[in-house]
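All remarks here apply to the structure that follows.
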Amino acid sequence: VAPAPQEEVYRELVRLLFVEGGRTLGEAVTDAELLAWTGGWADEDVLRAWVLLGDPASRLR
């Protein structure tokens, strides 16, 4: 998978977690993937590469 689409999903994840806040880690990963898919800047290969390892109910501060 090319790095550019991966970077866009990562940036969206960071924005959702630390700028908007209020989401669990699992919610933020799911929302970042959905925004990438509906925005058209990530394909199935990019989204398949994003696997959350850990507790999706975790919150970051």
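Add 86 to the 1-based position in the sequence shown for my numbering, that's all there is to it. Just so it is clear, CB atoms sit at the ideal spot from N, CA and C, and this is done for glycine as well. Quantities reported herein were computed from a predicted structural model and do not represent experimental measurements.
For residue i versus residue j, is the C-beta spacing smaller than 8 Å?
i: PRO89; j: GLY112; result: no
i: PRO91; j: TRP136; result: no
i: LEU103; j: LEU138; result: no
So residue i and residue j are supposed to be a Cβ contact under 8 Å. How far apart are they, rounded?
i: VAL132; j: VAL95; result: 6 Å
Would you mind working out which of the options sits nearest residue i, comparing C-alpha positions?
i: GLU93; options: SER144, LEU146, ALA118 and LEU139; result: ALA118
i: ARG97; options: GLY140, ASP129 and LEU121; result: LEU121
i: GLY140; options: ARG134, VAL115 and TRP123; result: VAL115
For the alpha helix (DSSP H) holding residue i, just list the boundary residues, first then last.
i: THR116; result: 111 to 125
i: VAL137; result: Here VAL137 belongs to no alpha helix (DSSP H), and DSSP marks it neither H nor E.
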